[in-house]
Each structure stands twice: as C-alpha cells, then as structure tokens.
Amino acid sequence: MMDLATEVLAGGVRGGTSILFAGLGETISERAGVVNLGTEGNLLVGALAGYAVASTTGSPWAGVIAGAVAGGMLSAIHAYFVLDRKTNQLATGLVVLFLALGLTSMFGVAYIKATINPFEALTIPGLSSIPFLGPVLFDQTILTYLVYVLVPATWWLLFRSRWGVVLRAAGERSNVLATYGHHVLPVQYLAVIGGGMLAGIGGAQLSTAYTNAWYENMTQGRGFIAVAVVIFAGREPFKVAAGSLLFGAALALAPALQARGIGINQFALDVVPYVLTIVVLVVFGKRMAAQQPEGLKKVFEGAPAG
Amino acid sequence: MTVTPTPPATSPAADDSTTVTDPTVEDVLVPAVPAEEPDAVDDRWLRALRVTGRTIAAILGALAIFGVVMAMKGANPLNAFAEMITTTFSSPKAVGEIFIRGAPIILAALAVTVPARAGLINVGGEGQLVIGGVAAAGVSLALGTGASPGLAMALMIMAALVAGALWAGLAAALRLWVGINESVTTLLMNYIALDFMLFLIYDPWKDRQGSGQPATPAIPVGERLPLIGTSRVHMGIAIALIATAAVWLVFKKTSWGFRLGVVGGNAEAARRAGLRVGVLLLSAMAVGGALAGLGGFVQLAGTEFKLRPGFLVTYGYIGFLASWLAKHRPVPVLLSALLLSAIAIGGDSLQLDSKLPAASVNILMALLLLAVFGFSKSKKAMTA
Amino acid sequence: MPRRRIGPLLATAIAVALLAAACGTNQTPQEAVASGGTAAGGAAPGQGATKVGFIFVGPKDDYGYNQAAYEGSQAVAKKFPNIEVLTAENVPEDDNATRTMESMISKGATIIFATSYGHLDPAMKVAAANPNVVVVQQGNLIKGPILPNTGTYFGTVYEPVFLAGIAAGKSTKTNKLGYVYAFPIPQTIANINAFELGAKSVNPQAQTYVVNTSNWCDPGKQSEAAKSLISQGVDVISQHQDCTATITKEAEAAGIKVVGYHADASSLAPNGWLTGSEWRWSDMFIDIVQTSIDGKFTGSKYNANFRVGYKSPADQGKNPFDQSKFGPSVDDATKAAIEKAKADIMSANGSPFKGPIKAQDGTELFPAGVPADYATIEDKNTVFVEGVVGQIPKS
C-alpha cells in the first residue's frame, strides 16, 4: 500500500505526462511567437494516430511516431494559416481544434474496438528504491522517462543553443533577425510543427501508455490544461514540468482520497490549478509580461489597442 | 463608476514596447475595425471583386476537400451535401432549430464583438455564458416557487447580466491594473466558471428530487421564456436579435461606441486626445460579458431549464469564431453565428443520412472558417 | 449608406414580430400531464411504424452500455426487415438530443429509443411535441404521471450483479473489492450495494471500495481510479462506466480479477475475467416495437428481473440481461454457490435485497422478513450498505 503523497504525486507524474509533452511543444511554439490554442486537437490526433498505428503494426513505438507525425501535420496547417495567410492565431488555433475533433471522430470509429500492446510501467532498478522519489518518478512508462529528458533538452535548446537564440529572436525581434540575414518564417514553421509533434506524442502517450484505449474526445480538456500550464510557467520548460505535475496531481488526488473512503467534490480540486495560475499571474504578472516574446504581445493584446 | 485614466506606466496599452510601430503587427491580427483604404473607388471595386472571387474559390475548395474526406469513408458527397441542406432548411421546424441553437451563440459572439471594437480579445465567452446561467439559476433557486414569475425573470436577467459583466470585467481590471493580457485571463476563467458550475450541480445545488444525475431542479414554468407560436423556438432568438440591433446602434450612434472605435484604432492617440481609455476598456469588456451572461440566461430559461454538466460547452468558442468570421461587425456577426449553428445542425443529417459520425461536421465548419480567414484578405492588407 | 441600415432595422422588426407572436408555454410533458394537459387523439402512437430511431450517448463499440443498446437496435433491424433503423451515436445529454430526435421524426421515425439516463428530459420534450410518436427511455427514471406515448424500460440488473459479487467475494484474497462508478444515481448505487451484498454472502470480510469519475467515459480518470484502488490492495475490480475497456485492461495488466458490466469484455482480460452482467436488449426492444406497430402501445413501465418477465409472469425468463460467462479462475464451488443464489432470487420473495440489511451508518435499510419490491429497492438505494467503503457525493 502506498501512502497518499506518494500515490498522488506518482499519479500526477503519470497523468501529467501528456500535459507536459503538449506544454513543452506549446512552449517552443510560443517562444517562436506563435500561440496554439488548439493543443487539445494535437493531443486528439496524436491519441488516435498512436492507437490506430499501434494496433495495426503491433508496435507502440510505431504509434508514438505516428502520433508525432499527426500532431506535426495538424500544426503545419496552423502554421500555414498563421504565418503565410496571416490569420489570427487564437481564432485559427480554435478552428484547427474543431478540425481535429471532426477528423478524429470520423476516422476514429474504426479503432474503438481495436487492441494494442501498450507501454507498460518500467521500474528502473536502483533508482526506484529511493524512498518516496523512487515510486513517484521511476515506476513509470518509458514515455514518461522520455519527457524527463525532454524538459532539460528543451531548456537547453531554447536558452543555450544557437538554434534557440534564432528561435527566440523569431518570436521577439523578427525584424532584427531578418536584418542579420536569417529567414524568419522557416524558423517559425519548424518551431510550430515541432511543438505540434511533441503534443502529438503526448496524445499517443494518453492512448498507448496511460489509458490503453481510444475513444472520441478522450482527451477531455487536457490540451487546454497544457495551454494554461504554459501560461502558469511563463514559457520556461522546468516550470512547465512543475505545472504539469501540479495539474496532474489535482486530477489524481480525488480518486486517491476516495479509495481511502474520503468523499470529495472533484471540481473543488480541479479548479485549484487555474486559480493558482491567475494568482501567479497577478503576483508575478508584470515581470512575466515583460519576459513575454514580443510576437506574442501582438497576438494576445491585439494590434489596435497596442 | 469612477475610474481615473490609467497612468501610462502601469497600462500595457501605453507600454511603448507594445505600441504599434512595426508594420507587420497589423498582419498578425485581422484588424478589429477594417481600415479605410485611401485608394480610388474603381481600384477598390476591382480589388474587392478579386478578393471575393478568391474567397469563393477557397470556400468551394473547402467543400471539395470535405467531399473527398466523406468519400474516403464511403459516403456519397453530393448526396450528403444535398441531404444536409434539405434536412437543415426544408421545414420551418428545422429552421427553428437553427434559432434555438443560434440564440446563445449570437450573444456569445457579440460578447467578442464589443470588446474587439476597443481592441480587446475576449476568449472567455465560454465561461461568461456559464456564469450567466449559474447566476440566473441561483436567483431562481433562491426565490423558490413562490415568487411572481415576471419579477423572478427580471431578477434572473439582471443577475445574468451582472454576473457576466463582473466575470469579464475582472479580466479587464487585471489587464488595467496588473498588466495581464485579457485573452489569457478570460481563457483561464472559462475553466474556473465551468468547474464552479460543476461543483454546484454535483453538491450544493443538486436536485434532491431528481434522478441522482448532477443537475439543478428545473426552473418553474413561469420563469421560462415563452415559445413563439406553436413551435419549440423560444424568445431567446428575439432577445439575440434585439441585442444585435442594440450593439449596432451603439456602435453607430453613441459617443461611447465611437470612442471604443477610437481606442481600438490607436489607444495612445485616444489617450492624448483625452479619452479615458481605462474606463472605456473596462466598460467594453463588461458589456461583452453581460451579453454572454444574457446568453447563459437564454439557454437556461429557453432551452435547458436546468444546469447540467454539458451546459453550453463549446458554444462560447463557436461564438468567438463567429465574431472573427464577421470581422467583428454586429449584423454580419448575427449571420455568421446562425451559419455556424446551421452547420453544426447539419451533423444530424451526416449521421442519419450518410452514416458518418455527427461530429464529422466539425471538419466542414473548420475548413470553411479556414477558407474565409485565410483567403478573404486583399494582398495589400497582407503585405502592407 | 442607407443599405447598411437595413440589417439592424430588419433584425429589430423581426424581433418585435416574434415578441408579438409569442404565446406558447414552455412546459415539459410531465408538467403538462400534471396540470391536466392533452393526450393524443386518433391513431395509436407508433402504429404501423416504418422507421425506428435510436440515440446513444456514446460510441456503439464501447465494450459497454452503448454497445449493448446498439446490439439491441440491430436485433430490431434484423427482426423487422421492412423497418428502417436510424441510429445516432455520441448524442449529448442536453437539448441537442431533442433536436437529433426531432430530426429522426422528420425523417419518418415514429418510434424513438432514448437510451441514456441523461436523455430523459429531451425525450420527454420530444414526446410532448409528437403525440403520434412512441418515445421510450432507458433507465426507468420517469417518475409520476407519464404521457400515453411515452414509456420507460430497464431491468433489475442488480440481480446478476449480486451473483457476480459472489464470484468476487470468493475470489478475493485481500477482502478488498473495488468499484469505479460515474454518478451516484439510484441504479448505480443499487448495483454497488448488490455487489457488496453478494460478496458478503459468501465472504463476511469482503468490503467494496468505491471511486467515482463524474463522467460516463473519461479513460484518463478511469485509469487513475483503477490505479488508486489497486494501490489500496483491491484485488477484484468492477465498474459502472459506459466505456469499460480501460479499467478491464488495467486490471488484467495488474494481475487482479475483474467483473464486467454492460457487455462481454472477457477477451480483454483472458486471465482476470471472473464474470459480469450483460444487457441483452433484443427481445425487449423487439417487443416494444411490435407492440407499437400493432397499435397497442399505451405507455407503460417495462421492468424485469429473474423472477417475473417484463410484462407478465408468463414472460418469466425473458430478461434484458445475462450473466456473463465465467473466467478460467472461477472454480466449481463458486459456480455452485452462484447457481444456488440464482435459484433463491428466482424463488417467491427472493431478492438480493433481502433484509435485514444495514446502511453504512448502521441504520436499518431493509428490515428482515419483508420482501422488497422494485419500487422500494429503487427508493432505498440512495445510500451505500454496510461494507461499502466510500462516500456518496452529498445530495
């Protein structure tokens, strides 16, 4: 039997994994100046493509790749309209989400009954016997371990690599970047599509590692949670990880309490991370606003009001 | 309300770094108020014709893509389109369904339109609808069955308006005084509103005499919107039409509406001209929220009678898209909201006639929106 | 620009016209009946029907509730080759369901099956607006007076759930059983209580731990609920969810036993499957359709259990549910115990809710010696019985 804290945090890591994949993807995209409000759609297409390909090929890894491809393709549509056709990012993100809802509904029917070889939890010898941290962090599926690596990797990519400088410049000072002879659009395309691929993997994690099932609309708002997490974290990968754990733990607390005979209104818990996000914004709002990529200010604040 | 003009130092609207200096900024957003182009009339007509042609081509392309997708799933696209149109428009009853679903969407769309005139982005229609419904239901619960129906309904409407205004106004206040983007806060507050409603209907407000499902008791018959004739269309559509006309009138004829447009055009210039930008932004958002709150009342009193878990889910986002589709102009907003509502209803036909999942209709809606968003701007507007 | 003014003026004019036209009262049918409302005249509802509509809240392949109802609809299609069966999946439990049913009616359907609990209000609206259409609602939730063209049907599924509880009680080593449910509606609470009572009848130590997900189908929450229960030492798990695959697979992966619900999911848990309760709607659906076509539908509450048929005692054995097949680990002694219990339930005055039964708080729920009828069972099952661990979200 596990103590409550261990169980809730382990559940938070497990349930937060898909949110974290999507959150890292959104972070990269936003750093390049493009918001994707339709991250929920990337999760959905990733979940379906992952499950469908895993069931057809028998390999969950093929499913993960398919999830990434599907997420990337969906974001490519977003990127084309936002970057080439200059459409509004928030509205386009929502449209792309509805597109994903429709596509996964139409093509997902055939896979509801399918079965797959899911990712199983992989206990890491040694590390998993560390008290408390072991069962929380090192008794997870390999996709969760992958995301552990991706958090510092994303940070390094954004803040320590040359590529990251160019990417952030695309989001902040695109005219400066252009002055130095860089093409801004390809960088932004790469960031948006790459971000979409990460969210697609998050979706595949949901279907092939977390729930072992595909159902229409099974993401149940986790993509929107990812968008909130990125706001909460001010687009910093490590804080995105912390935020995902927080949201994941809020989802895991209710069943853990109930299994111990304690009644709880789930929605009193669900609301906490959102309220906390607003509180964080109010407290650190000015600093976070200052750190926001220039490109995003334009999106969020609307050009006319400046 | 006495709000002093926000000092430039704390207002993001006055923050130099966000002022429109870079011409590409205009391209990121479709301007809330389309700028008059100073060219010759002939030229303008020619260009308008070209843009219209391209838009129509894009819409036809969207329909063709959806046809191919349907064919991939074994449906006959031509039959499917024909059935969708006949099912949705063939009878007065069917058309009535567009109004029933459309009424809250129109109000949710206007909730985006009014703030957009002042350059604000309200992504929070979803939450403002819910909070309006919650407020109206709360008043109905508090009054019980003894209250006079007319008074009860008036109080419910007031509560919905005020709740929506406060909910959205909070987002505007946070922007003015703390500097958080209203699009971020309105988005986050959608979930808070939804969770708040779910909390209430699962526990404190749950119908004790009900079937055990999470829902409030039905509001008394006297507190419901009357039906139009013998149809099942309720007065919500009339409320939505009046609201549309009112917003149009306010935009065209009142100085408040005019000032909103000035702020939306250039906040800094508006400030230098002595306009109280803070008050204008706050009031624009509050009015928007009040309209969405009214939408929540309309859905409660006209259609659902109870708060349920799925109460108005996605209606706010569809309203958001309807406003963008109409470039934030009140009368086109009315039409685009009804159009999006008709498309959603077309899903019934897809399911019943073409054996495709009802939600596939979202593909059609998305493709049409992308076509209009992406291909209805003149080249000049895109490269300016 | 005078052209621009036409739109809003027109809008106002239309709105005023609509206001003037408003006269109908926005009543639900139950209220209409209660206030002495109208009944249908002319031909009997559903008579000579050529199209039958079914709406489902979820997908037809969910290894669960909707799959069972869908299979029933296909049995109707097979039995009546001249009748067209219209089906709509993923129909939300709000007014959009009203529209979908109206759409079916406009396409000629004169018998409508609304198969989810949450479709009750929309179904009643549709029934009131279409007195010539039979509208039946799954779940036996209609209370009080009902319109002559409406009916409700269900089954006392807690009886096979009680029998499955015996298998669970015999199987558990930890004496901890788990039950994942969606909403605390009486039907669900009756199932949980029957499950615990069945287990306790063969294993007095057995306790049932309950977790709710507040959603008929959120696989993520299901997974988390199952893991929480398993981490508490639960070694047999059951559920009342619409989609059942996630929890079934989760149990199999964890090496614990699983009791199914709604439909046969034994293929998903070849080792852990004990047994379960499955709906078999075909006979009842066919009967409802036949009764309507013949012009004999009069508005009725369908009900059924092992003891009596759903219309008259002569129909004994025609139940809308089956006990699922047994899994490999169920031994002969357990099977014999279940057979015996089944015979008891089918005997006169037999019931899973045979007193004395105490509620969680120790008060007496069903007194000894008084056989409980269906209505009493439904009324009393708003609280958990002794042996269930967990709280109902307050109501």
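Top to bottom, those sequences are chains A, B and C.
So the first sequence is numbered by the working numbering: it starts at 444 and just counts up by one.
So the second sequence is numbered by the working numbering: it starts at 8 and just counts up by one.
So the third sequence is numbered by the working numbering: it starts at 278 and just counts up by one.
All C-beta atoms in this analysis are idealised placements derived from N, C-alpha and C, irrespective of residue type, glycine included.
For clarity, every value in this text was computed on a predicted model and none was experimentally measured.
Around the beta carbon of THR152 (chain B), fewer than 16 other beta carbons lie within 10 angstroms, which makes this residue exposed. A Cβ of chain C is located within less than 8 Å of the beta carbon of GLY704 (chain A). Using a CB distance cut-off of 8 Å, ALA699 (chain A) does not count as an interface residue toward chain B. In terms of Cβ geometry, GLY341 (chain C) and ASP571 (chain C) do not form a close pair [threshold 8 Å]. Among the CB atoms of chain C, one or more fall inside 8 Å of the CB of THR654 (chain A).
Fewer than three Cβ pairs drawn from the segment 473-490 of chain A and the segment 618-625 of chain A lie within less than 8 Å of each other, which leaves the two stretches out of contact. In the three-state reduction of the DSSP assignment, VAL368 (chain B) falls in the helix class, which pools H, G and I. For the C-beta of TYR324 (chain B), the chain A residues within less than 7 Å are, from N- to C-terminus, LEU537. The C-alpha of MET378 (chain C) is placed about 30 Å away from the C-alpha of ILE249 (chain B). Collapsing the DSSP output to three states places THR375 (chain C) in a helix. One Cα belongs to VAL714 (chain A), the other to SER461 (chain A), and the distance between them is close to 19 Å. Interface flag for MET292 (chain B) against chain A is unset, since no Cβ pair is found closer than 8 Å. Annotated three-state conformation of ASP599 (chain C) is strand, per DSSP. For the beta strand (DSSP E) assignment, the uninterrupted runs of no fewer than 3 residues enclosed by the segment 443-528 of chain C are, from N- to C-terminal side, 453-458, 484-489 and 513-517. In the DSSP assignment, TRP255 (chain B) falls within the alpha helix (DSSP H) that extends over 243-260. Contiguous alpha helix (DSSP H) elements confined to the segment 294-372 of chain B occur at 322-332 and 337-361, taking only those with 4 or more residues.
For the segment 360-377 of chain B, the beta-carbon criterion of a distance under 9 Å to any beta-carbon of chain A is satisfied by LEU363, PRO364, ALA365, ALA366, SER367, VAL368, ASN369, ILE370, LEU371, MET372, ALA373, LEU374, LEU376 and LEU377. Assignment of beta-bridge partners to TYR538 (chain C) by DSSP yields C:SER554.
Beta-bridge partners assigned by DSSP to GLU641 (chain C): C:LYS635. Going by C-alpha positions, VAL340 (chain B) is about 45 Å away from TYR430 (chain C). Rounded to the nearest angstrom, the Cβ distance from ALA200 (chain B) to TRP174 (chain B) is 7 Å, consistent with a contact under 8 Å.
TYR435 (chain C) carries a helical assignment under DSSP once its states are collapsed to helix, strand and coil. Between THR490 (chain C) and ALA502 (chain C), the C-beta spacing is below 8 Å. Per DSSP, GLU361 (chain C) is not a residue of any alpha helix (DSSP H); the beta strand (DSSP E) it occupies stretches across 361-365. Distances from the CA of GLU370 (chain C) to each of C:TRP493, C:ILE469 and C:ASN452 were compared; the closest alpha carbon is that of C:TRP493. With contacts defined as CB atoms closer than 8 Å, PRO111 (chain B) and GLN306 (chain B) qualify as a contacting pair. Between the segment 456-470 of chain A and the segment 663-675 of chain A there are three or more inter-stretch CB-CB distances shorter than 8 Å, so the stretches are counted as touching. Inside the segment 591-660 of chain A, DSSP marks whole alpha helix (DSSP H) runs of 4 or more residues at positions 605-615, 617-622 and 627-648, from first to last along the chain. GLY476 (chain A) carries a coil assignment under DSSP once its states are collapsed to helix, strand and coil. Annotation: the continuous beta strand (DSSP E) that includes VAL412 (chain C) extends over 411-415. Closest in C-alpha terms to SER559 (chain C), from the list C:ALA346, C:ALA546 and C:VAL334, comes C:ALA346. Taking the C-beta atoms as reference points, LEU301 (chain B) is found nearer than 8 Å to LEU168 (chain B). Across the segment 373-395 of chain C, no CB contact with chain A closer than 7 Å is found for any residue.
Contact note: GLY545 (chain A) reaches chain B through ALA366, SER367, VAL368, ASN369, ILE370 and ALA373, using a C-beta cutoff of 7 Å and chain order.
For PHE106 (chain B), the enclosing alpha helix (DSSP H) stretches over residues 99-124. Nearest neighbour of GLY303 (chain B) by Cα position, chosen from B:ARG283, B:MET292 and B:LEU319, turns out to be B:LEU319.
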